[in-house]
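Asker: Heads up: the sequence shown begins at -4 in the numbering used here, then just goes up one per residue.
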Amino acid sequence: EKRRERSARKAQEAPTREIRHAVPPEARHCPACGGGDLKPLGKGRTSVVYEYVPAFFERQVHVQQVLACACGQGVVTAPAPARVVDRGAYGPGFLAHVVTSKCADAMPLHRLAQRVERGGVPMSRSTLTDLFHQSAQVLLPLSSHLLQVIAAAEVVWADETPVRVLDVKKTRQGYLWTFLTQTPQGEWLIGYRFSLGRASTTPKDVLGGTRGALVVDAYTGYNAVTLPEGRVRIGCWAHVRRRFFDALPTAPEAHVALDFILALYRVEAQARDAGLVRTEAHRELRMRHSAPILAALRAWLEEQTPLHPPKGPLGQALSYARKQWDALTRFVSDARLPLDNNRSEAALRKAALGRKNFLFVGHEAAGENLAGLYALVATCEANGVNPEDYLADVLLRVQTHPNARIGELLPHEWKRLRAANASQRLAS
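1) Out of ASP321, PHE239, CYS25, LEU271, state which residue places its alpha-carbon closest to the alpha-carbon of GLN299.
2) Measuring CA to CA, which of LEU280, MET102, LEU90 is closest to LYS351?
3) For the beta strand (DSSP E) containing GLN168, list its first residue and its last residue.
4) Could you say which of ALA246, ALA346, VAL79, ARG40 lies nearest to PRO304 if we only look at CA atoms?
5) Please work out which residues of its chain come closer than 6 Å, Cβ to Cβ, to ALA387, disregarding the five sequence neighbours upstream and downstream, and give them in chain order.
6) Measure the C-alpha to C-alpha separation of ALA3 and ASP335 and round it to an integer number of angstroms.
7) Per DSSP, what are the beta-bridge partners of PHE355 in this structure?
8) If you draw a straight line from the C-alpha of ARG1 to the C-alpha of GLU8, how long is it?
9) Within the segment 90 to 149, note down every full alpha helix (DSSP H) run reaching 4 residues or more, in order along the chain.
10) Quick check on the DSSP output: what are the complete beta strand (DSSP E) runs of length 3 or more inside the segment 47 to 90, in order along the chain?
11) What three-state label does DSSP hand TYR45 in the structure shown?
12) Note down, one range per segment and in chain order, each alpha helix (DSSP H) of at least 4 residues found wholly within the segment 331 to 405.
13) State yes or no: is the C-beta of VAL356 within less than 8 Å of the C-beta of LEU343?
14) For PHE189, is the classification buried or exposed, using 16 other Cβ atoms within 10 angstroms of its Cβ as the cut-off for buried?
15) Excluding the 5 residues preceding and the 5 following LEU391 in the sequence, name in chain order all residues of the same chain whose CB lies nearer than 6 Å to its CB.
16) Three or more beta-carbon pairs under 8 Å between the segment 270 to 280 and the segment 321 to 341, yes or no?
17) Alpha carbons only, please: which of HIS105, ALA373, ALA346 is nearest the one belonging to ILE185?
18) Hey, would you say TRP172 sits closer than 8 Å to THR197, going by beta carbons?
19) Label MET118 either buried or exposed according to how many other C-beta atoms from any shown protein chain fall within 10 Å of its C-beta, with 16 as the threshold for buried.
20) Put ASP154 into one of helix, strand or coil per three-state DSSP.
21) Once the 5 residues before and after VAL327 are set aside, which same chain residues still bring their CB inside 6 Å of it?
22) Tell me which same chain residues have a C-beta within less than 6 Å of the C-beta of GLU155, skipping the five on either side of it?
23) Taking the C-alpha atoms as reference points, what is the distance between THR166 and LEU191?
24) Who pairs with ILE229 in a beta bridge, going by DSSP?
25) Please state whether DSSP places GLY203 in a helix, a strand or coil.
26) Would you mind sorting GLY82 into buried or exposed? The rule is 16 or more other CB atoms within 10 Å of its CB.
27) At what residues does the beta strand (DSSP E) containing GLY186 begin and finish?
28) When DSSP labels each residue in this structure, what does GLY37 get in the three-state scheme?
29) Go to GLY310, then tell me how far its alpha helix (DSSP H) extends in each direction, as first and last residue.
30) Assuming ALA17 is part of the alpha helix (DSSP H), what are its boundary residues?
31) What whole-angstrom Cβ distance do LEU371 and PRO406 have, given they're in contact under 8 Å?
32) Would you mind giving the Cβ-Cβ distance between VAL160 and LEU202, rounded to the nearest angstrom? I have them listed as a contact below 8 Å.
33) Counting only the same chain and skipping the five closest in sequence on each side, list residues whose C-beta sits under 7 Å from that of ALA322.
34) Quick one: Cα of ALA147 to Cα of LYS410, how far?
35) Nearest to ALA249 by alpha carbon, out of GLY270, LEU296, VAL210, PHE127?
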């Protein structure tokens, strides 16, 4: 029901053009009596058709008016059009389309160049590459601030995925890290950081000196920030479930663990359906139902561990769950904490699709630019913001916007301010 309501609302928000169909002159007679005295009946019969109107690129010639005074001494020239970069030949809408095509649609730039050329504008992959990196540099204050806002949050999710880096003679292994959080209003903020290695340097650079909770898998690279004076580690039940599921073919008794884990998620579904998520009532629900499930699961783990080879699939699953137990059970007493790190993994799926389509990044700086633009586009998508509309607007504004108020240009704040301004216009 909610999905249908959401689809109906989006349909109402779609760009709409009304096309009227008049009754032709030869048909303007009554089928019953043959008379010609016909009058409109209501608003007519309405039907809806969705059609594709090809997007187009255009060459704009800007002519600034120049006025000369009769005195022969003074000249006044109309203001020049705003440009993203000085003397730039491409407008903010064009740059926004380039960034969105690569970051949201995972389109390689050579294919985008072909599409632009089909639209009548000469284009090369190298030009689009330059425009992509120019956009990243212009928006760097925003993408950097976004990561700072995430790092300051109480609860942060994190994960990483490999990305190949093209070197002079061979490819190297780089990594794209994601860090995300949810605001008290429920908005998701998604940041990315690129690095040439998988060491703990990146988590320390992003989260070092911050406190709170960090939702991650068992990778030891996050140990540098999950310290007594740093962040508390929160484990991922999805990773635990995966290990027991993989053990099923050789150890059918693994289904017992899967049933316990399913019961934990049913408690969360109950909280979600009742509208209790992240409330005190949610915490009480967990203490009442999830805590006994965990106690029974722990007893089963202890009972099963001596019965299975430690290097077998089930033995490894049992060991993983027992070693991660403290991190896995902290969610019970804090309703802000999730059961798993699925949000981070979902945030990296777009990057995985991009990795499949454009294979590698050209160099370290290119990886950093990609990470910054991924962050802004992903945060747009997570909050129902059209990334092309957003980028076309902030590419012009970010360079003159007061630095102390740079947060106003982050996607979720931008959406909120636009809605407030629209409401004011309607009220007036």
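Even glycine gets a Cβ: it sits at the ideal position worked out from N, Cα and C.
Answerer: The relevant details are as follows:
1) Checked all of ASP321, PHE239, CYS25, LEU271; the closest Cα to GLN299 is PHE239.
2) For LYS351, the nearest C-alpha among the options comes from MET102.
3) 166 to 177 is the span of the beta strand (DSSP E), which, as asked, contains GLN168.
4) For PRO304, the nearest C-alpha among the options comes from ALA246.
5) Closer than 6 Å at Cβ, skipping near neighbours: PRO87, GLY88, ALA91.
6) Taking the straight line joining both Cα atoms gives about 32 Å.
7) In DSSP, PHE355 forms a bridge with ARG159.
8) Spanning the two alpha carbons is a distance of roughly 11 Å.
9) The segment 90 to 149 contains these whole alpha helix (DSSP H) runs: 104 to 113, 120 to 133, 135 to 146.
10) Taking only runs of at least 3 residues, the beta strand (DSSP E) segments lying wholly in the segment 47 to 90 are 61 to 63, 70 to 72.
11) If DSSP states are grouped into helix, strand and coil, TYR45 belongs with coil.
12) Runs found: 337 to 353, 359 to 377, 382 to 392.
13) Not a contact, by the Cβ cut-off of 8 Å.
14) With 16 or more other Cβ atoms inside 10 Å of its own Cβ, PHE189 counts as buried.
15) Excluding the 5 residues flanking it on each side, LEU391 has same chain C-beta neighbours closer than 6 Å at ALA77, PRO87, in chain order.
16) Between the segment 270 to 280 and the segment 321 to 341 there are three or more inter-stretch CB-CB distances shorter than 8 Å, so the stretches are counted as touching.
17) Restricting attention to HIS105, ALA373, ALA346, the CA atom closest to the CA of ILE185 is found in ALA373.
18) The answer is yes: Cβ separation under 8 Å.
19) Classification of MET118: buried, given that the 10 Å Cβ count is 16 or more.
20) Strand.
21) Once the five neighbours on either side are set aside, the close Cβ partners of VAL327 are ARG281, SER285, ALA286.
22) Cβ-Cβ distances below 6 Å link GLU155 to TYR170, TRP172 in the same chain, with the five nearest sequence neighbours on each side left out; the list follows chain order.
23) Rounded to whole angstroms, THR166 to LEU191 spans 11 Å at the Cα level.
24) DSSP output for ILE229 lists VAL210 as bridge partner(s).
25) Per DSSP, reduced to three states, the secondary structure at GLY203 is coil, with no helix or strand assignment.
26) The sequence given here places Arg at residue 82; Gly does not occur at that position. The residue is exposed, with fewer than 16 neighbouring Cβ atoms inside 10 Å.
27) First-last of the beta strand (DSSP E) with GLY186: 183 to 190.
28) Reduced to three states, the DSSP call for GLY37 is coil.
29) Its alpha helix (DSSP H) spans residues 308 to 318.
30) Segment: none, ALA17 is in no alpha helix (DSSP H) and carries neither H nor E.
31) Indeed, because the Cβ distance is near 7 Å, the residues count as touching under 8 Å.
32) Distance from VAL160 to LEU202 at the Cβ level is roughly 24 Å; contact not present, criterion being Cβ atoms closer than 8 Å.
33) Beyond the five residues adjoining it in sequence on each side, ALA322 comes within less than 7 Å, by CB distance, of ARG228, ILE229, GLY230 in the same chain, given in chain order.
34) Cα to Cα, the separation comes out at about 21 Å.
35) The shortest Cα separation from ALA249 among GLY270, LEU296, VAL210, PHE127 belongs to LEU296.
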